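All remarks here apply to the structure that follows.
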Amino acid sequence: MKKQHKHKPAGHRYTTLKQLCNLIPGHMVSSLAQKHGVDIQSRTYTPWSHVVSLLYAHFSHALGLNDVCDALQMNAAALSTIRGAVPPSRNNLSHANKIRNADMAEELYWCMMKHLMDTVPGFAKGKVRRGYLRRFSKTIHALDSTTIQLVANCMDWAKHRRRKAAAKCHLRLDLQSFLPR
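Per the UniProt record's numbering, the very first residue in the sequence shown carries number 1; after that it's consecutive.
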């Protein structure tokens, strides 16, 4: 009888974020930043660091600037190995998202799509609709209802009860964007 070996997935010394960022050619972000004038607007927070921060925010499903900035600050050493990216402060990330041209990010998406389709022949084959990749043909929603505890004595319309009050909250959550509908 043959011995069966259990195969374990190969460990990798790079983080998942670094592996994703290594797919982006080194010259692409800097050339797009020059083309769209983003490099002129940046002094300490480079366009490359901004792209890495946005990728991290997307892949980690971060809920806000605090999540992104705190997590990247805690992992600053691992972040610096990704072509010298620096963790943003809340003010830097907020200002960059407000001021910098979003056309650069859109063009980066389309350039990466073309680059990956050229290097990997099977990439994006199958259902491609209107130029965007879709995981599901229809969006999936999660429904939930919960009770929110309120204090009744601060509401003038609650004459019958003074101690406890509640409101019912119904929520429909889009599971692709994690935003309520």
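Glycine included, every Cβ here is placed at the ideal spot set by N, Cα and C. Note that the coordinates shown come from a computational prediction; the quantities given were computed from them, not determined experimentally.
Exercise for review: In angstroms with no decimal places, state the Cα-to-Cα distance between TYR14 and THR147.
Suggested key: THR147 has its alpha-carbon roughly 44 angstroms from the corresponding atom of TYR14.
Check your understanding: PRO88 to GLY37, Cα distance in whole Å?
Key -> Between PRO88 and GLY37, the C-alpha separation is close to 20 angstroms.
Practice item. Count the other C-beta atoms from every protein chain shown that fall within 10 angstroms of the C-beta of ALA142, then say buried if there are 16 or more, exposed otherwise. Key: Exposed, by the Cβ-count rule.
Check your understanding: Is it the case that the Cβ atoms of TRP48 and VAL68 are separated by a distance below 8 angstroms?
Key -> Contact: no.
Review point. What do you reckon, are the CB atoms on residue 182 and LEU65 nearer than 8 angstroms?
Key: Because the chain spans 1 through 181 in this model, residue 182 falls outside it and cannot be assessed.
Check your understanding: Apart from the five residues on each side of it in sequence, which residues of its chain come closer than 8 angstroms, Cβ to Cβ, to CYS111?
Key -> Leaving aside the five residues that flank CYS111 on each side, the residues in its chain whose CB is nearer than 8 angstroms to its CB run, in chain order, MET28 and LEU32.
Exercise for review: Taking ILE40 as the reference, give the member of ARG100, LEU79 and ALA76 with the closest Cα.
Suggested key: ILE40 has its Cα closest to that of ARG100, out of ARG100, LEU79 and ALA76.
Review point. In the DSSP assignment, what residue or residues form a beta bridge with ALA96?
Key: According to DSSP, ALA96 bridges with nothing at all.
Check your understanding: What first and last residue would you give for the alpha helix (DSSP H) that runs through VAL38?
Key -> Start and end: 38 to 41.
Review point. Looking only at DSSP bridge pairs, what is GLN149 linked to?
Key: The partner list for GLN149 (beta bridge, DSSP) reads ALA166.
Check your understanding: Which stretch, first to last residue, makes up the alpha helix (DSSP H) that contains LEU20?
Key -> Where LEU20 is concerned, the enclosing alpha helix (DSSP H) stretches over 16 to 22.
**Study point:** Residue interval of the alpha helix (DSSP H) (run including VAL68)
**Key:** That run of the alpha helix (DSSP H) goes 65 to 74.
Exercise for review: Drop a sphere of 10 angstroms on the beta-carbon of ILE82, count the other beta-carbons inside from all chains shown, and report buried for 16 or more, exposed for fewer.
Suggested key: Classification of ILE82: buried, given that the 10 Å Cβ count is 16 or more.
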